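What follows is a single structure, written as structure tokens, with notes after it.
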Amino acid sequence: MIEAPRAVFALITPARNEARHIATTIESVAAQTARPARWVIVSDASTDGTDEIVAAQSQGRPWITLVRKRERSGAYFASQIATFNAGLRQLDGVTYDFIGKLDGDIRLEPDYYAQILARFAADPQLGAAGGGIIECFDGRQEPLRMDARSVAGAVHLFRRSCFEAIGGFVELPYGGYDTVAEVSARMRGWTTRTFHELPVYHLKPISASEGRTLRRLWRRGMRDYSIGNHPMFEIVKCAGRCLDRPPLAGSIIWLCGYAWLWLRRAPRAVSREYVRFHQWEQLSRLGLGRWIRPPALTPLEGADGR
19 MIEAPRAVFA LITPARNEAR HIATTIESVA AQTARPARWV IVSDASTDGT DEIVAAQSQG
79 RPWITLVRKR ERSGAYFASQ IATFNAGLRQ LDGVTYDFIG KLDGDIRLEP DYYAQILARF
139 AADPQLGAAG GGIIECFDGR QEPLRMDARS VAGAVHLFRR SCFEAIGGFV ELPYGGYDTV
199 AEVSARMRGW TTRTFHELPV YHLKPISASE GRTLRRLWRR GMRDYSIGNH PMFEIVKCAG
259 RCLDRPPLAG SIIWLCGYAW LWLRRAPRAV SREYVRFHQW EQLSRLGLGR WIRPPALTPL
319 EGADGR
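At position 48 of the sequence shown the residue is numbered 66 (this note's numbering), and the sequence of numbers has no breaks.
Structure representation (structure tokens):
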């Protein structure tokens with residue numbers, strides 16, 4: 019077993035109507051062998067008793083802070099990042115080496131953060147990491163398919179210097195902040211990694227907060243266009259998901275959402291430099307990267323593992 023190093027980390031949980039699962043998440047973090055120095059749980063105008071549960075669960079745990087937002091800050095994705103940033107402001111003056119986002123419907127093994135921190139200690143260039151998501155629903159547990167270089171937004175943990183170098187999470191019209199954050203990190207010379215051997219139990223399907231299935235899939239296609247996905251990669255990606263529910267129709271709707279913005283030549287939500295790097299990575303995954311000149315990395319101060 020990898021031993022946990024001495025490292026200080028802080029967590030932020032944007033929570034919107036998580037009364038069903040938030041107590042499990044809190045108990046899960048409280049049981050960690052490596053606990054956060056500060057955990058800010060920000061209620062995004064919850065109406066289901068989330069605030070009361072967090073207040074009760076934080077009694078006797080001074081390292082947990084509850085922040086209440088009275089009104090939501092726009093649609094789901096925009097409000098989620100605005101809520102995270104409200105928590106980040108609560109960390110002004112707090113000393114920490116790592117900053118994490120943890121969703122309010124997660125259950126972790128007791129040594130989860132100790133193991134993640136140990137992996138950061140072993141690799142000074144590791145900028146962001148997380149465990150492998152296991153979706154828990156209908157009495158089943160299904161691992162979430164994810165490229166090893168991607169990190170699920172539900173459990174992002176960043177080296178602080180990396181997080182500050184990329185400018186933190188940015189609000190995007192159709193979501194995708196987690197992808198943009200990790201690609202931005204790799205643009206600056208960091209590595210990002212999901213450690214699938216460290217399970218993260220997601221107690222609510224990832225799609226549950228995004229609305230009805232068909233609308234959600236359409237918006238995911240729009241998201242992929244807005245954050246710079248290459249058309250060829252998008253076609254291959256959707257083809258690979260043609261058996262996901264709803265079979266075939268889901269992939270077609272996803273691809274149509276992408277095509278809708280692509281045909282209109284809609285502006286992207288990210289920089290041209292970002293799009294070039296992101297598409298080069300995607301084409302490399304398809305085995306075409308050798309035919310394209312790789313974009314130059316743009317390392318920033320702090321990308322040395324400190």
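Glycine residues also receive a C-beta, built at the ideal position from the N, C-alpha and C atoms.
Given the structure is predicted, the values throughout are model-derived calculations rather than measurements.
Around the beta carbon of M250, fewer than 16 other beta carbons sit within 10 angstroms, so the residue counts as exposed. If you check the CB distance, W236 and I270 do not come in under 8 Å. For H39, same chain residues with a beta-carbon under 7 Å away, outside a window of 5 residues either side, are G122, D123, L221, K222 in chain order.
Taking the Cα positions, T65 is about 11 Å away from E89. Within the region 218 to 304, no beta strand (DSSP E) run of at least 3 residues lies entirely inside it. Within its own chain, the residues whose Cβ lies closer than 6 Å to the Cβ of I117, once the five positions on either side in sequence are excluded, are A28, F176, R178, F181, listed in chain order. Judged by DSSP in its simplified three-state form, V169 adopts coil rather than helix or strand. A straight-line Cα-Cα distance of about 8 Å links G268 and T231. CA-to-CA, the gap between W57 and V293 works out to about 34 Å. Between T209 and R167, the alpha-carbon positions lie close to 8 Å from each other. The C-beta separation of A37 from G67 comes to about 4 Å, placing the pair in contact by the 8 Å criterion. Non-local beta-carbon contacts of G145 in its own chain, meaning distances under 7 Å to residues more than five positions away in sequence, involve F176, R177, C180, A203, W208, T209, T210 in chain order.
Unbroken alpha helix (DSSP H) runs of no fewer than 4 residues, entirely contained in the region 71 to 124, are found at 94 to 107, following chain order. In the three-state reduction of the DSSP assignment, R206 falls in the coil class, being assigned neither a helical nor a strand state. Out of A183, D156, R53, A33, the CA that lies nearest to the CA of P80 is found in R53. Taking all protein chains shown into account, E45 has fewer than 16 neighbouring C-beta atoms within 10 Å of its C-beta and is therefore exposed.
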